[in-house]
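Heads up: the structure comes next, in structure tokens.
Numbering (my numbering), first residue to last: 78 to 418.
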């Protein structure tokens, strides 16, 4: 596992912070918020990506830099960085981003307006496209297996893990580096989410993001990356890998209802949970932990709650449910992987 989050610049730091209940949400420092109704976000702190990566990052968007840092950690922990550790033609990269290189795009828009088209960077396109995190990881780590970036907004890195699980299960790869990354804390993104009435206007970092609370009124934007290495079980055992967890199920559905609002009957969420549970042998009566999407928006949290009751019935009261977004904010395309960890 590897991570860059508002509460830590590694998977270990992030886990320790979660256990301690550390809040990574604070006042926005990336730009002047004087004219903004939203004042807080979950920013990555005290991370020099160029130093961590040991290379020039000038022509990499921030979401790519975060992904590379997290991938280095995950691949090293998995032991796949060693020479001869695996057949690199059989190791893929499924890393996506919900928004991609928005800062690279907006910076170049500013340059073009101020100085003309000839001054736009020739690196603008490769810096902004959402598949570039996967591409840069593959180049850096010399991985030549199936590579499939996913762009499904907040579900991005949950989907990359699930699709990697299926690819390995069906024999297309021995291992896949999976996850997501986001670095879109720019004025334009915050303004867009604000005007869509998605973000909380609560300026208090301690109470701004409170999933499932009666007073919740919107999510808090965050940034970072989460990367995991999925590997076929016998392949991992054969090389003596330290196995941290097993993926046993995955459900991928769609509400097909509205561009932002969830189905009021929670049909899509319910079917996704049912699909993920099928054939796993998990018993809700024994008590399961659910890391909820838990965005701290009125519609999402109530919809998720309804879905859990529909799936688990009387056993819903035995579930342990929480949302780590209360500490990180919403990491958008990186959320699923960080929360899976």
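Even for Gly, the Cβ is constructed at its ideal location relative to N, Cα and C.
Residue from the options whose Cα sits closest to the Cα of residue i
i, options, result
"residue 160", "329, 316, 414, 374", "316"
"residue 338", "351, 322, 379, 299", "379"
"residue 165", "182, 222, 141, 119", "222"
"residue 139", "183, 103, 151", "183"
"residue 204", "141, 263, 193, 146", "141"
"residue 388", "417, 311, 376, 349", "349"
"residue 156", "125, 347, 340, 305", "305"
"residue 322", "136, 417, 179", "417"
"residue 137", "200, 362, 241, 347", "200"
"residue 376", "96, 93, 288, 185", "288"
"residue 268", "382, 109, 96", "109"
"residue 364", "381, 347, 340, 390", "390"
Residue i versus residue j: straight-line alpha-carbon distance, rounded
i, j, result
"residue 217", "residue 319", "23 Å"
"residue 176", "residue 261", "7 Å"
"residue 106", "residue 86", "18 Å"
"residue 172", "residue 284", "32 Å"
"residue 298", "residue 231", "11 Å"
"residue 270", "residue 276", "6 Å"
"residue 234", "residue 255", "7 Å"
"residue 396", "residue 286", "22 Å"
"residue 420", "residue 384", "Because the chain is modelled from 78 through 418, residue 420 falls outside the range shown and cannot be assessed."
"residue 392", "residue 115", "39 Å"
"residue 330", "residue 353", "10 Å"
"residue 112", "residue 266", "14 Å"
"residue 336", "residue 162", "44 Å"
"residue 154", "residue 120", "25 Å"
"residue 117", "residue 135", "27 Å"
"residue 101", "residue 125", "18 Å"
"residue 193", "residue 187", "9 Å"
"residue 332", "residue 407", "21 Å"
"residue 386", "residue 158", "44 Å"
"residue 328", "residue 195", "47 Å"
Residue i burial status per 10 Å Cβ neighbour count (16 or more: buried)
i, result
"residue 190", "exposed"
"residue 226", "buried"
"residue 359", "exposed"
"residue 133", "exposed"
"residue 167", "buried"
"residue 98", "exposed"
"residue 292", "exposed"
"residue 251", "buried"
"residue 300", "buried"
"residue 236", "buried"
"residue 151", "buried"
"residue 334", "exposed"
Short Cβ contact (9 Å threshold) for residue i with residue j
i, j, result
"residue 403", "residue 370", "no"
"residue 214", "residue 307", "no"
"residue 169", "residue 229", "no"
"residue 302", "residue 82", "yes"
"residue 366", "residue 399", "yes"
"residue 437", "residue 248", "The structure shown does not extend to residue 437, since the chain is modelled only from 78 to 418, so the question has no answer here."
"residue 79", "residue 149", "yes"
"residue 410", "residue 181", "no"
"residue 405", "residue 146", "no"
"residue 185", "residue 198", "yes"
Which of helix, strand or coil DSSP assigns to residue i
i, result
"residue 232", "helix"
"residue 292", "coil"
"residue 155", "helix"
"residue 415", "helix"
"residue 349", "helix"
"residue 221", "coil"
"residue 104", "strand"
"residue 317", "coil"
"residue 407", "strand"
"residue 268", "helix"
"residue 250", "coil"
"residue 362", "helix"
"residue 137", "coil"
"residue 78", "coil"
"residue 327", "coil"
"residue 304", "strand"
"residue 342", "coil"
"residue 368", "strand"
"residue 390", "helix"
"residue 273", "coil"
"residue 263", "coil"
"residue 143", "helix"
"residue 173", "strand"
Distance cut-off 8 Å: residue i Cβ against heavy atoms of the ligand FMN
i, result
"residue 227", "Among the components of this structure there are no ligands whatsoever, and the ligand FMN is therefore not found."
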